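First comes the structure, then the notes that go with it.
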Amino acid sequence: MSRNVVQDYFDAFNAGDVEAMLACLSTDVEHHVNEGQIRVGKVKFGEFCAHMNHCYDETLTDMVILVSEDGTRAAAEYVVNGTYKATDGELPAARGQSYRLPAGSFFTLKDGQITRVTTYYNLSDWLRQVA
């Protein structure tokens with residue numbers, strides 16, 4: 001069950017289906033992002049997804065998912081294959097640059113839902129690729 005909710009979350013991400021991603025999350029999900037503030041709740045997570053979908057077109061490949069024996073934690077390693085489509089705040093100007101970036105996510109799981117998502121990637125590597 002735990003592995004399934006994480007797989008469903010990533011399948012929804014790759015399909016661009018934010019509603020299906022949100023269905024995998026608890027109401028009070030904590031979203032920890034690389035170089036950012038913690039967002040709490042599905043509403044904030046949905047707003048983040050809308051922003052990301054506006055600025056980036058991404059597909060995750062080479063996915064490996066690991067789940068703890070008790071099913072309360074999971075981790076995933078993958079490659080982000082993306083296109084930078086719209087300038088994101090103070091970041092460099094978007095010109096349709098492509099990037100390929102190793103990344104990872106960590107999850108806390110409870111009652112068949114994701115209660116925490118923590119995502120890491122190398123921002124310096126991304127900046128170098130889109131410069």
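Residues 1 to 131 (the UniProt record's numbering) are what the sequence shown spells out, left to right. Backbone N, C-alpha and C fix where the C-beta goes; we use that ideal spot for every residue, glycine too. Bear in mind that the values here come from a model prediction, so they are computed numbers and not experimental data.
For residue i, the three-state DSSP class (helix, strand or coil)
i: E35; result: coil
i: K44; result: helix
i: L66; result: strand
i: E30; result: strand
i: L25; result: strand
i: D88; result: coil
i: R95; result: coil
Beta-ladder partner(s) of residue i, from DSSP
i: S105; result: A76, T119
i: N81; result: T59, R100
i: Q113; result: K110
Close-in-space but distant-in-sequence residues of the same chain around residue i (CB under 6 Å, 5 per side omitted)
i: C24; result: V5, D8, Y9, I114
Residue environment, residue i, which counts as buried when at least 16 other CB atoms sit within 10 Å
i: G36; result: exposed
i: H51; result: exposed
i: G82; result: buried
i: V117; result: buried
i: V67; result: buried
i: V64; result: exposed
Residue i Cβ short of 6 Å to the ligand MG heavy atom set
i: S98; result: Of the ligands one can find in the structure shown there are none, so the ligand MG has no counterpart to examine.
Sequence-distant residues of its chain with Cβ nearer than 7 Å to residue i (five each side left out)
i: V130; result: Y84, P92, Q97, Y99
i: M54; result: The question names Met, but residue 54 in the sequence shown is His. Excluding positions up to five away in sequence, the list reads A86.
i: M21; result: Y9, A12, F13, C49
The region 91 to 104 contacting the region 3 to 19, beta-carbon criterion three pairs below 8 Å: The answer is no - the region 3 to 19 does not touch the region 91 to 104, with fewer than three Cβ pairs under 8 Å.
Meets three-Cβ-pair contact criterion under 8 Å: the region 106 to 118 and the region 69 to 78: Segments in contact, yes.
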